[in-house]
């Protein structure tokens, strides 16, 4: 075993951990500094030619833009449009006035609405908005932050219209997205029941309410599992978090109506159906476009892809790498169309919507550096042979017990980067290579990385910073992390057992 090669291959990983986790350097700078070091290591330690490095940078940048950065921009844009047209206030009002039962309120806002925000937009909105609404409803700030962080775990696997699964599929060269997505859903299935239960138990821990909380969690969890699995298999990886959250919202609302106390005379305010439908225009159109161009309508999807496609080929170190851009079915394009048309229906002018888009571009400038640097870094580590060295070393060290560690690696990636997508970019290829070394299925371990990353989101410093800002609790990040850490550890243990005992 070449220990020097192992040390050099580990250097980018440890450097990123040190920069982010200990020196508290921002994500964009940490990723960029680590990329520079990785380029030097590839050139001098792994004899990766200058031309190959240059082409790897181009290839990685293209992978970053199409589809990942484009989807990130348009996902945040869809949220910003709703804020600009003030329809987000209508959505917040609607969800806060459905029931007076605290367990139902909290679960609806965090697991239901928060999951929907994660599925559609992601990147902090699913923590900030539910937490802010809960504060407005009178819940304690630290409680609001904690339950919002807990709920922003499972849905992140398919957040921002499936971008984390797309990212890891690109990294490992896996083309069967439905199969990969179904493995993610299976590994997450017990957590889809456990997390809702923890949320309602934290809301109402009384023994008297325990049977009700267990029943509600089982029903919501079972529906989430069924709908997400069906969405993956028959529609595509863009919709599980979205449709699963919508189904959960419906079930929770029905549960609220069926279990409402007969002597409860509280009159809840409401909005007109027309106003509510108008408020849902953006997300409704996005959902319609995503479903309409999904594999569910494969002939139409194939037709659209055939008339507007741009293939780009690069030969790197003797290997041909291809990027295919399908302009009419790309998730980012669909998000853009839904946001613009929905915004127009909500009363905004085209010039105003373009202004919001411009501000969104500027708002995310650090994200471009972070994501691009991480993808280029991962590409260079892959094509120079660094990931192969790491995979062989880890497989040798852990052997048949590696499946127990796979989700923890994904968790580490999300903890450091604040993103399931970034974790998959960073460690997806590594997981697949280790799987090959120990005779496992690469897609199963790639799914394990995704699932582990959803647990890392609970304690990610970036997520906690968003939560503290939304709850006006800046300076109490350590206290929130201390409260969230035991749940994150339990989460990863459950995921590890699923990966180990049901591994392929």
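In this note's numbering, the protein residues as written are 390 to 893.
Backbone N, C-alpha and C define an ideal beta-carbon position, used for all residues, glycine too.
>> Tell me whether the segment 390–398 and the segment 740–749 touch, counting them as touching only if at least three CB pairs, one residue from each stretch, are closer than 8 Å.
In response: no
> Terminal residues of the continuous alpha helix (DSSP H) containing residue 478?
Replying inline: For the purposes of this step, residue 478 is identified with residue 89 of the chain shown, where counting begins at 1. 476–485 is the span of the alpha helix (DSSP H), which, as asked, contains residue 478.
> Would residue 525 count as contacting chain D if we go by Cβ distances under 8 Å?
Replying inline: Absent from the structure: chain D. Only one protein chain is present.
>> Counting beta carbon pairs with one atom in the segment 813–824 and one in the segment 789–800, are three or more of them shorter than 8 Å?
In response: yes
> Below 8 Å between beta carbons: does that hold for residue 547 and residue 554?
Replying inline: As a first step, residue 547 is located in the chain shown; it is residue number 158 there, counting from the start. As a first step, residue 554 is located in the chain shown; it is residue number 165 there, counting from the start. Closer than 8 Å, so yes.
> From residue 471 to residue 559, what does the alpha carbon distance come to, in whole angstroms?
Replying inline: Translated into positions along the chain shown, residue 471 becomes position 82. Translated into positions along the chain shown, residue 559 becomes position 170. Near 31 Å, if we compare the C-alpha coordinates of residue 559 and residue 471.
> Using the C-alpha atoms, what's the distance from residue 448 back to residue 417?
Replying inline: By 1-based counting over the chain shown, the position of residue 417 is 28. By 1-based counting over the chain shown, the position of residue 448 is 59. Approximately 19 Å, taken between the alpha carbons.
> Between residue 772 and residue 667, is the Cβ-Cβ spacing less than 8 Å?
Replying inline: Counting from 1 along the chain shown, the entry for residue 772 is found at position 383. Counting from 1 along the chain shown, the entry for residue 667 is found at position 278. Going by C-beta atoms, residue 772 is not nearer than 8 Å to residue 667.
> Any heavy atom of the ligand ADP within a distance shorter than 7 Å of the CB on residue 794?
Replying inline: Ligands displayed in this structure: none; no statement on the ligand ADP is therefore possible.
> Taking the beta strand (DSSP E) that residue 700 falls in, what are its first and last residues?
Replying inline: Here residue 700 corresponds to residue number 311 of the chain shown, with the count starting at 1. Per DSSP, residue 700 belongs to the beta strand (DSSP E) from 698–705.
>> Beta-carbon within less than 8 Å of residue 567's beta-carbon, same chain only, minus the 5 sequence neighbours each way: which residues are those?
In response: In the chain shown, the residue the question calls residue 567 occupies position 178. Counting only Cβ-Cβ distances below 8 Å, and skipping sequence neighbours, we find 621, 622, 625, 626 and 684.
>> Under DSSP, the beta strand (DSSP E) around residue 711 begins and ends at which residues?
In response: Indexing the chain shown from 1 puts residue 711 at position 322. Note, residue 711: beta strand (DSSP E), 708–715.
> Using DSSP with H/G/I as helix, E/B as strand and the rest coil, what is residue 412?
Replying inline: Sequence index remark: in the chain shown, residue 412 carries index 23 (1-based). Three-state result, residue 412: coil.
> Thinking just about the alpha-carbon of each residue, which of 717, 828, 688 and 661 is nearest to the one in residue 696?
Replying inline: Residue mapping note: residue 696 aligns to position 307 of the chain shown, counting from 1. Residue 717 is the option with its Cα nearest to residue 696.
> By Cβ distance below 6 Å, which residues in the same chain neighbour residue 415 in space, the five residues on each side in sequence not counted?
Replying inline: Within the chain shown, the letter at position 26 stands for residue 415. Here the set comprises nothing.
>> Which residue wins for smallest C-alpha separation from residue 643, given the options 422, 730, 609 and 468?
In response: The count along the chain shown starts at 1 and reaches residue 643 at position 254. Minimum Cα distance to residue 643 is reached at 609.
>> Less than 6 Å between C-beta atoms, sequence neighbours within five positions excluded: which residues of the same chain meet that for residue 614?
In response: Taking the chain shown and counting its residues from 1, the one referred to as residue 614 is at position 225. For residue 614, where only same-chain residues beyond five positions count, the Cβ hits under 6 Å are 578 and 581.
> Would a C-beta distance cut-off of 8 Å place residue 892 and residue 792 closer than the cut-off?
Replying inline: In the chain shown, counting from the first residue as 1, residue 892 sits at position 503. In the chain shown, counting from the first residue as 1, residue 792 sits at position 403. Yes, they are a contact pair.
>> Given this structure, state the Cα-to-Cα distance separating residue 656 from residue 486, to the nearest angstrom.
In response: Sequence index remark: in the chain shown, residue 656 carries index 267 (1-based). Sequence index remark: in the chain shown, residue 486 carries index 97 (1-based). Because the pLDDT at residue 656 is just 49, under 50, the model does not fix this residue reliably, and the point stays unresolved.
> Taking the alpha helix (DSSP H) that residue 822 falls in, what are its first and last residues?
Replying inline: In the chain shown, residue 822 corresponds to position 433, counting from 1. Note, residue 822: alpha helix (DSSP H), 809–827.
> Apart from the five residues on each side of it in sequence, which residues of its chain come closer than 6 Å, Cβ to Cβ, to residue 811?
Replying inline: As a position in the chain shown, residue 811 is number 422, starting the count at 1. These residues qualify, in order along the chain: 763.
> For the alpha helix (DSSP H) that residue 854 lies in, which residues bound it at each end?
Replying inline: If you number the chain shown from 1, residue 854 lands on position 465. Start and end: 850–859.
> Under a three-way DSSP split, which group does residue 407 fall into?
Replying inline: Translated into the one-based positions of the chain shown, residue 407 becomes position 18. Looking at residue 407 - three-state DSSP - the assignment turns out to be helix.
> Quick one: what's got a C-beta closer than 8 Å to residue 681's C-beta in the same chain, skipping five residues either side?
Replying inline: One-based indexing of the chain shown puts residue 681 at position 292. The answer, listed in chain order, is 689.
> Helix, strand or coil for residue 464 per DSSP?
Replying inline: On the chain shown, residue 464 is found 75 positions in, with the first residue counted as 1. Helix, per DSSP.
> Around the Cβ of residue 572, are there at least 16 other Cβ atoms within 10 angstroms (buried) or fewer (exposed)?
Replying inline: For this step, residue 572 is matched to residue 183 along the chain shown. Looking at its Cβ environment, which holds 16 or more other Cβ atoms inside 10 Å, residue 572 is buried.
> Where does residue 628 fall in DSSP's three states?
Replying inline: Counting from 1 along the chain shown, the entry for residue 628 is found at position 239. It is coil, neither helix nor strand.
> Considering only C-alpha positions, which residue in the set 537, 518 and 539 is nearest to residue 479?
Replying inline: For this step, residue 479 is matched to residue 90 along the chain shown. Of the listed residues, the one whose Cα sits closest to residue 479 is 518.
> How long is the line joining the alpha carbons of residue 815 and residue 425, rounded to whole angstroms?
Replying inline: Position 426 of the chain shown, counted from the first residue, corresponds to residue 815. Position 36 of the chain shown, counted from the first residue, corresponds to residue 425. When rounded, the distance between both Cα atoms is 15 Å.
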